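Undergrad:
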Amino acid sequence: MKKLSELKVGESGTIVKVNGDRILRGHLLDMGLTPNTCVKVSAMAPMGDPIELFLRGYRLTLRLEDASNIEVFDDEFKCTGNCRECGKRIKAQS
Amino acid sequence: MIIALAGNQNCGKTTLFNALTGSNQHVGNFPGVTVEQKVGTVKSSKKDNRDIKIVDLPGIYSLSPYTNEEIVSRDYILNQKPDGILNIIDATNIERNLYLSLQLAELGVPMVIALNMMDEVRDNGGNIDVEKISKLLGVPVVPISAAKEDGIEELKDVFIRTFENKIKPQVVDFCKGGDNGGVHRALHAIMHMIEDHAQAANISRRFAATKIAEGDESMLKLLKLTTNEVETIEHTLLQLDKEVGMDSQAAIADMRYQFIEDVVKETVVKQAESKQHKTSVAIDKVLTHKYFGIPLFFMIMGIVFYLSFDLIGGNLTSLFESVIDSAIDAIRTGLINYQMNPVVTNMICDGALSGIGSVLSFLPIIIVLFLFLSLMEDSGYMARVAYVMDKALRKIGLSGKSFVPLLIGFGCSVPAVMSTRTLSSERDRRMTIMLIPFMSCTAKLPIYGYISSIMFPGKAGLITLSLYILGMVLSVVMALFLKKFIFKGKSVPFVMELPNYRIPGFKTTIMLLYDKAKDFLVRAFTVIFSASVIIWFLQSFDFRFNVVADTELSILANVAKWISPVFIPLGFASWKTTTALISGFMAKEAVVSILDVLTAGTGINGLFTVASAYSFLVFTSLYTPCVAAFAAIKNEFGSKKLGMAVALLQSVYAWVVAFVLFRLVLLFV
Chain A
1 MKKLSELKVG ESGTIVKVNG DRILRGHLLD MGLTPNTCVK VSAMAPMGDP
51 IELFLRGYRL TLRLEDASNI EVFDDEFKCT GNCRECGKRI KAQS
Chain B
1001 MIIALAGNQN CGKTTLFNAL TGSNQHVGNF PGVTVEQKVG TVKSSKKDNR
1051 DIKIVDLPGI YSLSPYTNEE IVSRDYILNQ KPDGILNIID ATNIERNLYL
1101 SLQLAELGVP MVIALNMMDE VRDNGGNIDV EKISKLLGVP VVPISAAKED
1151 GIEELKDVFI RTFENKIKPQ VVDFCKGGDN GGVHRALHAI MHMIEDHAQA
1201 ANISRRFAAT KIAEGDESML KLLKLTTNEV ETIEHTLLQL DKEVGMDSQA
1251 AIADMRYQFI EDVVKETVVK QAESKQHKTS VAIDKVLTHK YFGIPLFFMI
1301 MGIVFYLSFD LIGGNLTSLF ESVIDSAIDA IRTGLINYQM NPVVTNMICD
1351 GALSGIGSVL SFLPIIIVLF LFLSLMEDSG YMARVAYVMD KALRKIGLSG
1401 KSFVPLLIGF GCSVPAVMST RTLSSERDRR MTIMLIPFMS CTAKLPIYGY
1451 ISSIMFPGKA GLITLSLYIL GMVLSVVMAL FLKKFIFKGK SVPFVMELPN
1501 YRIPGFKTTI MLLYDKAKDF LVRAFTVIFS ASVIIWFLQS FDFRFNVVAD
1551 TELSILANVA KWISPVFIPL GFASWKTTTA LISGFMAKEA VVSILDVLTA
1601 GTGINGLFTV ASAYSFLVFT SLYTPCVAAF AAIKNEFGSK KLGMAVALLQ
1651 SVYAWVVAFV LFRLVLLFV
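Those sequence lines, one after another, are chains A and B.
Just so you know, we're using this note's numbering here: the first sequence kicks off at 1 and counts up by one.
Just so you know, we're using this note's numbering here: the second sequence kicks off at 1001 and counts up by one.
1) In whole angstroms, give me the CA-to-CA distance for Trp1655(B) and Phe1567(B).
2) Counting only C-beta atoms, is Phe1494(B) closer than 8 Å to chain A at any point?
3) Taking only beta-carbon atoms, is Leu60(A) less than 8 Å away from chain B?
4) Would you say Tyr1501(B) reaches chain A, if we count a Cβ-Cβ gap shorter than 8 Å as a contact?
5) My guess is that Tyr1066(B) and Ile23(A) are in contact by the Cβ rule of under 8 Å, so how many angstroms apart are they, rounded?
6) Round the Cβ separation of Val1042(B) and Leu1057(B) to the nearest angstrom and send it over; I've been treating them as touching at under 8 Å.
7) Answer with buried or exposed for Met1431(B), where buried requires no fewer than 16 other C-beta atoms within 10 angstroms of its C-beta.
8) For the segment 1060 to 1076 of chain B, enumerate the residues whose C-beta is nearer than 7 Å to any C-beta of chain A, in chain order.
9) Mind checking which residues open and close the alpha helix (DSSP H) that includes Gln1037(B)?
10) Straight-line CA distance for Glu1321(B) to Met1511(B)?
11) Who are the neighbours of Lys1488(B) on chain A, taking C-beta pairs under 9 Å?
12) Suppose you measure from the CA of Gly1151(B) to the CA of Pro1143(B); what does that come to, to the nearest Å?
13) Exposed or buried, which one is Ala942(B) when buried takes at least 16 other CB atoms within 10 Å?
14) Pick helix, strand or coil for Ala1611(B), following the three-state DSSP scheme.
15) With the cut-off set at 8 Å, would you say Thr1015(B) and Ala1147(B) are in Cβ contact?
16) What residue range is occupied by the uninterrupted alpha helix (DSSP H) comprising Ser1379(B)?
17) What distance in whole Å lies between the Cβ atoms of Pro35(A) and Ala1250(B), which are believed to be in contact at a cut-off of 8 Å?
18) Just checking: is the beta-carbon of Asp75(A) within a distance shorter than 8 Å of some beta-carbon in chain B?
19) Cβ atoms of Val1121(B) and Ile1133(B): under 8 Å apart, would you say?
20) Shortest alpha-carbon distance to Cys99(A) belongs to which of Arg25(A), Phe54(A), Met31(A) and Asn19(A)?
21) Below 7 Å CB to CB, which residues in the same chain sit around Lys1176(B) once its five sequence neighbours on both sides are set aside?
22) Quick one: what's got a C-beta closer than 8 Å to Gly1397(B)'s C-beta in the same chain, skipping five residues either side?
23) Check the Cβ-Cβ distances between Val18(A) and every residue of chain D, and say whether any is below 8 Å.
24) DSSP puts Lys17(A) in a beta bridge; with which residues?
25) Measure the C-alpha to C-alpha separation of Lys1101(B) and Met1439(B) and round it to an integer number of angstroms.
26) List the residues that DSSP assigns as beta-bridge partners of Pro1169(B).
27) DSSP puts His1026(B) in a beta bridge; with which residues?
28) Whose C-beta lies closer than 8 Å to the C-beta of Ile1463(B) among residues of the same chain, with five residues either side of it excluded?
29) Identify the residues that DSSP records as bridge partners of Asn1097(B): which are they?
30) What residues of chain A sit near Glu1497(B), judged by a beta carbon separation below 9 Å?
31) I'd like the ranges of any alpha helix (DSSP H) spanning at least 4 consecutive residues and lying wholly in the segment 1199 to 1237 of chain B.
32) Apart from the five residues just before and just after Phe1174(B), which ones in its own chain have a Cβ nearer than 7 Å to its Cβ?
33) Contact check, Asp1596(B) vs Thr1508(B) under 8 Å by CB: the rounded distance?
34) Along chain A, in chain order, which residues have C-beta atoms closer than 9 Å to that of Ala1209(B)?
35) Look up Pro1342(B) in the DSSP assignment and say whether it is helix, strand or coil.
36) What does a CB cutoff of less than 6 Å around Gly1182(B) pick up in its chain, not counting 5 residues either side in sequence?
The following block contains the structure:
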């Protein structure tokens, strides 16, 4: 499992869990960064932060600091089917 | 009939609002907050005389209580009880847009969805089964194109019919589908528990239950639940957490998105990657490029500045000024010929009319500048600027969205303050407004040039540059101070959508310019006008209300003499400099003209030493913003008291800095 902030530009992952305080989490969830969502890091601002994400058919920008609250499985991850956190739908996808 | 217009940012809400209401709009504030509220009357070609008002709610993504905009929208619907909700959604980005729709539908208020940008979806080979989606959501859905004004009449017919007959959304159990068994049970348990309270508070129980499950504490208070009940609910939610393996806040969001995914699967023929998206990504390859992105931004702003303050705005301003001057001259000649009392003539021409003139001369710059700003905003470029510049402003507690307003401050504080309207967080907005006066505006440049060329011959450029840098450094210090002591709360997280680039709508742009011009004239007029009459009066009369021949005898000069001792520690305590400073409140350029008049013959050499000249320059560059800027600040803060507090804080800060620098310079000179 990785943090979303650790993905490199061009990499994508599936969200497992969203941490952080209630307000931040509320914002992230509202914008569609919910568990089991596939998200791609599509670019990075010139100064290296924030990052640009592609999810649910639109583009979203997020600071690395905030992105580090999102845990993802990156593309390398292969589901074994017995991980409690990942839920049923990831299993179905993989 | 009152209708609330709700929708995400960048979904064409303003365009629809303008299409529905035309020019029948007026701007106010939502009760108790400084979030702008636009109300318009629906224009109708049919000859019914129904009075339909539309309230434009702020652009929001959810009805959570985390931002001012969300709270305002939600309070408006819950407390003001509009007759219906018109929810506009962007068909090209339907998943995320429907997230708000689901919450709105739960409110139990009659509702209609306007499915905007359907033309774009079809152009890209996609389609949406409108009838089916309407059935699945339990809400009438009307496809429209706000920009082309397609489908607006149909939309009107549908919402008038729906709202007049008070047809509420059909209750759809959003939590029923998918693998949401746990959420479903928990929500229904809570709904059951709070039913009586919800009814008493006149809030839909479904909406209340989902909000409680999301951990919304304001809802617990609103329903006046007992401790016992709260505990039971908490227990239910804990069980839910365990059952679904994520916390209830995430579980609810997940439930909504699952429902939406199912709806989308059944009704939307997904478009291939849209042209608009492809174009935007291509444009962004350049405009947010690692090396070219920032230089390009400064180049664009350079061009905007050149056009606004120089080529178009500047020249229009001079033209305007000469027209106003000759008009005043004509009126003066007329009054003299009429043998009007000379004092009255002076009051009209030098006091009132020149005050109006100074207001009007701002207007061309404001209009031209806002033309460019609105093009940047509506095209989607402003979001890129925020994205590119965010890191630079984060350390001082702001986000990239504040960059452009601060930059405009170097031109003129008035439009800079007005442009903070687009900042979504109130905290960021207030903080940005307080920092704008530190950006040395163009009106201060003549002061720097005039004094430094006389007092620091050969080094005028260097001195001027030092003042610009000093302002920026001090703004950082001020920002850190504000962050630490005044705006303590955490800033709203920077979670921002990058919308596709769009060609700005002509109508929307024109309406915005009209708004800004009106806003500026109506509100600034009163303040600036009365201030210029007062200053003129103080300049022209002595304490016995006789007209003075020599300025030194005027009330203004006497007031200046009382105030002057305050400036002794700064090294300049002549009544002449103080008079100039007081007049500078009217317009910063006045500092130069007044000093020039008062030192006629002797020159300003006699007033300053090298050290005190620098301290005077520092003080002038930092002290209270001019009256036009003050009026704008007061207006944006929504409070005269806060506006005055800012001006006072600014002046005290200026005094302290000037004092320190004066002493430092003395050590070396």
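In this text, a Cβ means the ideal position worked out from N, Cα and C, and glycines have one as well.
All values derive from a computational prediction rather than experimental measurement.
TA: According to the data block:
1) CA-CA distance, Trp1655(B) to Phe1567(B), rounds to 8 Å.
2) Chain A, which has a Cβ nearer than 8 Å to the Cβ of Phe1494(B), makes this yes.
3) True, the Cβ-Cβ gap to chain B drops below 8 Å.
4) Any Cβ of chain A closer than 8 Å to the Cβ of Tyr1501(B) would place that residue at the interface, and such an atom is absent.
5) Indeed, because the Cβ distance is near 5 Å, the residues count as touching under 8 Å.
6) Contact flag wrong, Cβ pair sits at about 16 Å.
7) Met1431(B) is buried by the Cβ-count criterion.
8) Legend: CB atoms of the segment 1060 to 1076 of chain B lying less than 7 Å from CB atoms of chain A belong to residues Tyr1061, Ser1062, Ser1064 and Tyr1066.
9) Residue range Glu1036 to Thr1041 is occupied by the beta strand (DSSP E) that includes Gln1037(B), with no alpha helix (DSSP H) assigned at that position.
10) Near 25 Å, if we compare the C-alpha coordinates of Met1511(B) and Glu1321(B).
11) Residues of chain A whose Cβ lies closer than 9 Å to the Cβ of Lys1488(B) do not exist, since the nearest Cβ in that chain is about 15 Å away.
12) One C-alpha to the other measures close to 7 Å.
13) In this structure chain B extends from 1001 to 1669, so residue 942(B) is not present and cannot be described.
14) Of the three classes helix, strand and coil, the one that applies to Ala1611(B) here is helix, per DSSP.
15) With contacts defined as CB atoms closer than 8 Å, Thr1015(B) and Ala1147(B) qualify as a contacting pair.
16) For Ser1379(B), the enclosing alpha helix (DSSP H) covers residues Leu1363 to Ser1379.
17) The Cβ separation is near 6 Å, so the contact holds.
18) Cβ-Cβ to chain B under 8 Å: no for Asp75(A).
19) For the 8 Å CB-CB criterion, Ile1133(B) and Val1121(B) do not form a contact.
20) The structure shown does not extend to residue 99(A), since chain A is modelled only from 1 through 94, so no value can be given for it.
21) For Lys1176(B), where only same-chain residues beyond five positions count, the Cβ hits under 7 Å are His1184.
22) These residues qualify, in order along the chain: Met1431, Ala1479, Leu1480, Leu1482, Lys1483, Phe1487 and Ser1491.
23) Absent here is chain D; the protein component of the structure consists of chains A and B.
24) Under DSSP, Lys17(A) takes part in a beta bridge, and its partners are Glu71(A).
25) The sequence shown places Ser at residue 1101(B), rather than the Lys named in the question. If I take the Cα positions, the gap works out to 42 Å.
26) In the DSSP output, where bridge partners are listed per residue, Pro1169(B) has none listed.
27) Paired residue(s): Val1039(B).
28) Result list for Ile1463(B): Tyr1448, Ser1452, Phe1456, Tyr1614 and Leu1617, in chain order.
29) Asn1097(B) is not bridged by DSSP to any residue.
30) Those within 9 Å of Glu1497(B) in chain A are Met31, Tyr58, Arg59, Leu60 and Thr61.
31) Runs of the alpha helix (DSSP H) lying entirely within the segment 1199 to 1237 of chain B and spanning at least 4 residues, in chain order: 1205 to 1213 and 1217 to 1223.
32) Contacts found: Leu1102, Met1255, Arg1256 and Phe1259.
33) Wrong, their Cβ atoms sit about 45 Å apart, outside the cutoff.
34) Correct list: empty, because the minimum Cβ distance to chain A is about 17 Å.
35) In the structure shown, Pro1342(B) sits in a helix (DSSP, three-state: H, G or I).
36) Within the same chain, Leu1240, Glu1243 and Val1244 come within 6 Å of Gly1182(B) by CB-CB distance, once the 5 residues on both sides are set aside.
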